[in-house]
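**Q**
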Amino acid sequence: MSLPESPYIYGKDDLIVPVILCGGFGRRLWPLSRPYWPKPFLNFGATESLLQETVRRFSGPNFHAPIIICNEEHRFGVATQLHEIGVIPQAIILESKSAGTTAATLFACQYLFQNGYQGNVIVSPADHHVDSTEDFQHVVLEACKVTLEHEIVLLGISPTRAADDFGYISIYPKHETDLTFTHKVESFIEKPSINDAQHLIETGRSFWNSGVFIFDLALFMDLAETLVPDTNNDAALAVSNANINIDFIRLDAESVEQIKCPSFDVAIAESATNVGMVEFNGNWRDMGTWQSVWDSSQKDKDGNVLLGNSIANATTNSIVMSDGINIGVGNMDGIAIIASGNHVTVSMLNDPMMSSHLADIQSQDSNAESTLTPTKLHRVWGTFEIIRTEPNFQIKKLTIKPGLRLSLQRHQHRSEHWIVLSGCATVTIGEKTEALLPSQSTFVPQGTLHRLANNSSEPLIIIEIQTGNYLGEDDIERIEDDYNRA
118 MSLPESPYIY GKDDLIVPVI LCGGFGRRLW PLSRPYWPKP FLNFGATESL LQETVRRFSG
178 PNFHAPIIIC NEEHRFGVAT QLHEIGVIPQ AIILESKSAG TTAATLFACQ YLFQNGYQGN
238 VIVSPADHHV DSTEDFQHVV LEACKVTLEH EIVLLGISPT RAADDFGYIS IYPKHETDLT
298 FTHKVESFIE KPSINDAQHL IETGRSFWNS GVFIFDLALF MDLAETLVPD TNNDAALAVS
358 NANINIDFIR LDAESVEQIK CPSFDVAIAE SATNVGMVEF NGNWRDMGTW QSVWDSSQKD
418 KDGNVLLGNS IANATTNSIV MSDGINIGVG NMDGIAIIAS GNHVTVSMLN DPMMSSHLAD
478 IQSQDSNAES TLTPTKLHRV WGTFEIIRTE PNFQIKKLTI KPGLRLSLQR HQHRSEHWIV
538 LSGCATVTIG EKTEALLPSQ STFVPQGTLH RLANNSSEPL IIIEIQTGNY LGEDDIERIE
598 DDYNRA
């Protein structure tokens with residue numbers, strides 16, 4: 118199987134390639150963040166999601182188009198969000214399972230290396246918030262000046278408080294005559310206690326580890342071959358044996374399955390002998406907890422962040438968010454109340470792990486699937502929103518994009534009723550094809566071949582009522598599919 122070719126003609130290059138790691142569940146932000154729609158896709162009341170903010174942060178004349186690494190389940194969400202901001206990535210690389218940050222980085226690097234790229238790469242998570250893109254890019258460009266002097270260069274954040282939920286980078290002291298922008302890393306400290314974090318800050322030589330790193334590709338490939346040769350080899354095979362599906366590069370699943378490797382910090386950063394660091398002292402947030410969301414959001418006169426269908430009275434310093442039901446809060450201080458889909462959580466704002474604990478407890482019950490699955494799911498053809506689920510029926514709202522259609526399919530365990538709310542549906546049931554307008558409906562018997570299409574220039578919205586003894590998403594037999602899923 119041949120290597121998926123890059124649309125870029127690479128050589129020695131002064132432009133930086135951004136690699137954005139778009140993965141993880143974000144359990145501390147449950148129930149808004151869920152496995153099928155994790156925190157990089159969330160916007161927390163802003164106009165753009167964290168992923169979209171990250172992509173824009175690495176846009177401009179100094180950067181190539183980004184490479185995105187994500188799970189197969191998230192591919193349509195990534196593609197849709199990039200389309201919304203008018204960005205065409207050079208690659209969306211799909212993992213069949215999460216293999217960790219070391220492997221994800223190597224997948225992108227092998228793709229670049231095998232396509233002949235020579236230059237600097239910056240790797241970043243997709244869930245950070247930075248106030249000033251201009252200041253951030255200035256620091257990145259300074260780091261790129263010294264990538265030939267270090268195996269990797271990390272981005273350290275000037276700490277604003279003693280925090281026990283970040284890793285720390287400690288640097289060697291500098292001679293007062295040393296005016297260089299870069300520091301040499303002495304050690305890494307993984308999430309110290311509050312007291313130890315305070316001591317680290319008082320030294321003046323410790324910084325939060327942002328998880329952003331910059332390197333020269335050729336030097337990094339040599340480093341990877343030395344420190345993680347097996348993972349590097351498996352990553353090379355995963356890329357060279359990958360295949361292109363629509364606009365995605367699907368890594369070879371067998372090669373990905375072989376990878377067992379610690380995180381990038383452990384496997385690479387802490388094992389390298391010549392690691393540099395540049396300091397960023399702007400406003401940076403790792404949007405991993407409700408406290409960090411509250412910190413970075415605009416507040417009312419009482420210090421509250423109210424998003425969606427939420428109101429508060431005699432309440433202070435809290436975050437109240439709902440994407441569905443109406444939430445009213447009174448006589449409270451320092452709490453986080455989050456309502457999303459079929460779940461509501463209430464916890465203290467300064468308890469970063471409570472949402473994660475609640476998600477773990479809830480996922481152990483007999484209805485765990487509803488805990489992990491968001492009510493709105495994205496597909497290449499559009500979206501479907503789960504309105505209500507009962508043992509023998511389910512109601513969904515489907516939105517089909519103009520010019521697209523679902524697969525020709527049938528179900529063994531359910532029948533479906535379709536009601537058009539807006540747009541014009543082209544419906545195929547058995548041998549018959551007809552057009553349905555708003556308020557018109559049709560019935561799809563169990564086991565019958567059918568297809569739903571939107572041949573118009575406007576979105577098609579329908580209500581789908583499923584009835585049967587099994588309503589799982591895996592009860593789909595695709596006969597023909599425009600997206601190679603049959």
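Going by our numbering, the first residue of the sequence shown is number 118, and it counts up by one from there.
C-beta: ideal position from N, C-alpha, C; glycine also.
Return helix, strand or coil for Gln-198, following the three-state DSSP convention.
**A** For the purposes of this step, residue 198 is taken as the residue at position 81 of the sequence shown. Helix, per DSSP.
**Q** Leaving out five residues on either side along the sequence, give the residues of the same chain with a beta carbon under 8 Å from the beta carbon of Phe-193.
**A** Counting from 1 along the sequence shown, the entry for residue 193 is found at position 76. Closer than 8 Å at Cβ, skipping near neighbours: His-495, Arg-496 and Val-497.
**Q** Measuring only the C-alpha atoms, how far is Gly-203 from Lys-308?
**A** Translated into the one-based positions of the sequence shown, residue 203 becomes position 86. Translated into the one-based positions of the sequence shown, residue 308 becomes position 191. The straight-line gap from Cα to Cα measures roughly 38 Å.
**Q** Please name the residue or residues paired with Pro-135 in a DSSP beta bridge.
**A** In the sequence shown, residue 135 corresponds to position 18, counting from 1. For Pro-135, which the question treats as bridged, DSSP gives the partners Ile-239.
**Q** When you compare only the Cα positions, how much space is there between Arg-151 and Gly-499?
**A** Taking the sequence shown and counting its residues from 1, the one referred to as residue 151 is at position 34. Taking the sequence shown and counting its residues from 1, the one referred to as residue 499 is at position 382. In a straight line, the C-alpha of Arg-151 is about 19 Å away from that of Gly-499.
**Q** Tell me whether the region 198-212 and the region 322-342 touch, counting them as touching only if at least three CB pairs, one residue from each stretch, are closer than 8 Å.
**A** No contact exists between the region 198-212 and the region 322-342.
**Q** Return the CA-CA distance between Ile-126 and Gly-233, expressed in angstroms with no decimal places.
**A** Residue 126 sits at position 9 when you count from the first residue of the sequence shown. Residue 233 sits at position 116 when you count from the first residue of the sequence shown. Any reading at Ile-126 needs caution, since the residue's pLDDT is 48, under 50, leaving its predicted position unreliable; the model's value is listed next. Spanning the two alpha carbons is a distance of roughly 8 Å.
**Q** Given that a residue counts as buried once 16 or more other Cβ atoms are within 10 Å of its Cβ, and exposed if not, what is Asn-391?
**A** Residue numbering aside, residue 391 sits at position 274 when the sequence shown is read from its first letter. The residue in question, Asn-391, is exposed, as its Cβ has fewer than 16 Cβ neighbours within 10 Å.
**Q** Could you tell me which residues DSSP pairs with His-528 in its beta bridges?
**A** By one-based count along the sequence shown, residue 528 stands at place 411. Paired residues: none, contrary to the question.
**Q** Grouping DSSP H, G and I as helix and E and B as strand, with all else coil, what is Asn-349?
**A** Mapped onto the sequence shown, residue 349 falls at position 232. Looking at Asn-349 - three-state DSSP - the assignment turns out to be helix.
**Q** Within the continuous alpha helix (DSSP H) that includes Gln-583, where are the two ends?
**A** On the sequence shown, residue 583 is found 466 positions in, with the first residue counted as 1. Where Gln-583 is concerned, there is no enclosing alpha helix (DSSP H), although the beta strand (DSSP E) it sits in stretches over 577-585.
**Q** Using the three-state DSSP reduction, which class does Asn-391 fall into: helix, strand or coil?
**A** Numbered from its first residue, the sequence shown carries residue 391 at position 274. Looking at Asn-391 - three-state DSSP - the assignment turns out to be coil, as it is neither helix nor strand.
**Q** Rank Gln-315, Arg-595, Thr-543 and Gly-564 by C-alpha distance to the C-alpha of Glu-575 and give the top, closest one.
**A** Residue numbering aside, residue 575 sits at position 458 when the sequence shown is read from its first letter. Minimum Cα distance to Glu-575 is reached at Thr-543.
**Q** DSSP on Thr-565, reduced to helix/strand/coil?
**A** Position 448 of the sequence shown, counted from the start, is the residue given in the question as residue 565. Here Thr-565 sits in coil by DSSP.
**Q** Apart from the five residues on each side of it in sequence, which residues of its chain come closer than 6 Å, Cβ to Cβ, to Gly-162?
**A** In the sequence shown, residue 162 corresponds to position 45, counting from 1. Closer than 6 Å at the Cβ level, and outside the excluded window around Gly-162, lie Leu-424.
**Q** Which residue spans inside the region 251-282 form an unbroken beta strand (DSSP E) run of at least 3?
**A** Runs of the beta strand (DSSP E) inside the region 251-282: 269-274.
**Q** Output the distance between the C-alpha atoms of Met-118 and Leu-258, rounded to the nearest integer angstrom.
**A** As a first step, residue 118 must be located in the sequence shown, where it is residue number 1. As a first step, residue 258 must be located in the sequence shown, where it is residue number 141. Legend: pLDDT at Met-118 = 41, less than 50; position of this residue unreliable, value from coordinates given subsequently. If you take the alpha carbons of Met-118 and Leu-258, they lie about 37 Å apart.
**Q** Would Lys-214 be called buried (16 or more neighbouring beta carbons within 10 Å of its own) or exposed?
**A** Numbered from its first residue, the sequence shown carries residue 214 at position 97. Burial call: exposed.
**Q** Quick one: Cα of Thr-264 to Cα of Ala-279, how far?
**A** Along the sequence shown, read from residue 1 onward, the residue named residue 264 stands at position 147. Along the sequence shown, read from residue 1 onward, the residue named residue 279 stands at position 162. Rounded to whole angstroms, Thr-264 to Ala-279 spans 30 Å at the Cα level.
**Q** Sort Ile-331, Asn-572 and Gln-415 by Cα distance to Ala-552 and report the nearest one.
**A** Numbered from 1 along the sequence shown, position 435 holds the residue referred to as residue 552. For Ala-552, the nearest C-alpha among the options comes from Asn-572.
**Q** Under 8 Å: do the region 407-415 and the region 366-380 share three or more Cβ pairs, one atom per stretch?
**A** Flag = no, the region 407-415 and the region 366-380 do not touch.
**Q** Which same chain residues end up closer than 6 Å to Asp-351 when comparing Cβ atoms and leaving out the 5 residues on each side of it in sequence?
**A** The sequence position of residue 351 within the sequence shown is 234, counting from 1. Excluding residues within five positions, the ones whose Cβ falls inside 6 Å are Ser-372, Gln-375 and Ile-376.
**Q** Within 8 Å, do at least three Cβ pairs link the region 299-306 to the region 415-431?
**A** Touching, no, given that fewer than three Cβ pairs across the two stretches are closer than 8 Å.
**Q** Considering only their Cβ atoms, is the gap separating Gly-405 from Gly-143 smaller than 9 Å?
**A** In the sequence shown, counting from the first residue as 1, residue 143 sits at position 26. In the sequence shown, counting from the first residue as 1, residue 405 sits at position 288. The answer is yes: Cβ separation under 9 Å.
**Q** What number of angstroms, rounded off, separates the C-alpha of Gln-557 from the C-alpha of Val-537?
**A** Position 440 of the sequence shown, counted from the first residue, corresponds to residue 557. Position 420 of the sequence shown, counted from the first residue, corresponds to residue 537. Each residue's Cα considered, the two are about 6 Å apart.
**Q** Can you tell me whether DSSP reads Ser-323 as helix, strand or coil?
**A** Position 206 of the sequence shown, counting from 1, holds the residue named residue 323. Strand.
**Q** Return the chain-ordered list of same chain residues with a C-beta closer than 7 Å to the C-beta of Phe-253, the five sequence neighbours on each side being excluded.
**A** Residue mapping note: residue 253 aligns to position 136 of the sequence shown, counting from 1. Here the set comprises Arg-174, Val-247, Phe-397 and Gly-399.
**Q** In this structure, does DSSP put Glu-590 in helix, strand or coil?
**A** Looking up residue 590 in the sequence shown gives position 473. Glu-590: coil per DSSP, three-state reduction.
**Q** What's the gap between the Cα of Gln-415 and the Cα of Pro-157?
**A** Indexing the sequence shown from 1 puts residue 415 at position 298. Indexing the sequence shown from 1 puts residue 157 at position 40. Roughly 20 Å between the two C-alpha positions.
**Q** When the distance is taken between beta carbons, is Trp-154 closer than 9 Å to His-460?
**A** Here residue 460 corresponds to residue number 343 of the sequence shown, with the count starting at 1. Here residue 154 corresponds to residue number 37 of the sequence shown, with the count starting at 1. Cβ distance not < 9 Å, so His-460 and Trp-154 don't count as in contact.
**Q** Grab the span of the beta strand (DSSP E) containing Asp-477 for me, first residue to last.
**A** By one-based count along the sequence shown, residue 477 stands at place 360. Premise fails: Asp-477 lies in the alpha helix (DSSP H), 471-479, not in any beta strand (DSSP E).
**Q** Quick one: grab the DSSP three-state call for Leu-211.
**A** Along the sequence shown, read from residue 1 onward, the residue named residue 211 stands at position 94. Strand.
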